[in-house]
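Residues 143 to 302 in the numbering used here are what the sequence shown lists, from first letter to last.
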Amino acid sequence: MIFCWYVSFYILTMLALPLLTSLSPNRPGADILIMLILPVVAAVSIRGVLESEFGIEYGMVYVSAINFGDWFPCVGAGYLCAKYGIFETYLDGLFSRVRSSWGKGILWVLMCLVAFFGRVLLCRFQLGSIQICGEWKELWFSMDIIYGPMFLYGIVNLLK
Numbered sequence: 143m144i145f146c147w148y149v150s151f152y153i154l155t156m157l158a159l160p161l162l163t164s165l166s167p168n169r170p171g172a173d174i175l176i177m178l179i180l181p182v183v184a185a186v187s188i189r190g191v192l193e194s195e196f197g198i199e200y201g202m203v204y205v206s207a208i209n210f211g212d213w214f215p216c217v218g219a220g221y222l223c224a225k226y227g228i229f230e231t232y233l234d235g236l237f238s239r240v241r242s243s244w245g246k247g248i249l250w251v252l253m254c255l256v257a258f259f260g261r262v263l264l265c266r267f268q269l270g271s272i273q274i275c276g277e278w279k280e281l282w283f284s285m286d287i288i289y290g291p292m293f294l295y296g297i298v299n300l301l302k
């Protein structure tokens with residue numbers, strides 16, 4: 143069921159979110175570690191063990207670990223934006239300094255364009271590497287953790 147990857151991702155996300163939010167110490171740095179980095183490390187670790195110890199490079203668990211590691215940080219970024227009121231606290235305050243509604247509209251369109259074209263120009267970044275079963279595995283993060291909230295903020299304000 144390659145074409146239904148989102149079903150297992152959704153189930154894993156619904157199982158992981160309560161667990162990860164219960165670990166949250168309500169400090170931004172620790173929350174970033176728990177909601178963004180820990181899931182990627184877990185997914186890369188599972189993939190590494192499956193590859194090294196069992197010789198599995200395909201299958202439901204393997205593919206689910208790949209999808210979870212790729213996409214859960216986007217869910218975590220949305221959760222953190224909501225929890226810490228990033229839009230209300232920082233972005234609304236920044237845009238309140240622009241007096242012209244045309245100026246705000248242009249900036250919101252630019253935010254959407256940066257998010258849209260940013261995926262083409264810079265889609266991932268490497269945060270580091272971890273050693274699993276004697277092999278080094280890279281920790282890659284999708285820039286969608288930045289582009290997603292940026293696009294949503296821009297488009298919601300344009301539609302208002």
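We treat Cβ as the ideally placed atom computed from N, Cα and C, and that holds for glycine. Please read all numbers here as calculations on a predicted model, not as lab measurements.
- Under the DSSP assignment, F259 falls in the alpha helix (DSSP H) whose first and last residues are S243 to L263.
- For E280, the secondary structure class from DSSP, reduced to helix, strand or coil, is strand.
- Using a Cβ distance threshold of 9 Å, Q268 and F283 count as a contacting pair.
- Taking C-beta separations shorter than 8 Å and ignoring five residues to either side along the sequence, the partners of G276 in its chain run S194, following chain order.
- By the Cβ neighbour-count rule, S206 is buried, with 16 or more other Cβ atoms within 10 Å of its own.
- Distance from L249 to V240 at the Cβ level is roughly 7 Å; contact confirmed, criterion being Cβ atoms closer than 8 Å.
- Remark: C-beta atoms of D286 and A185 do not approach each other more closely than 9 Å.
- Within the DSSP secondary-structure output, S271 pairs in a beta bridge with E280.
- Closest in alpha carbon position to I188, among V217, G201 and M177, is G201.
- Counting C-beta atoms within 10 angstroms of its own C-beta, I198 has fewer than 16 neighbours from the protein chains shown and is therefore classed as exposed.
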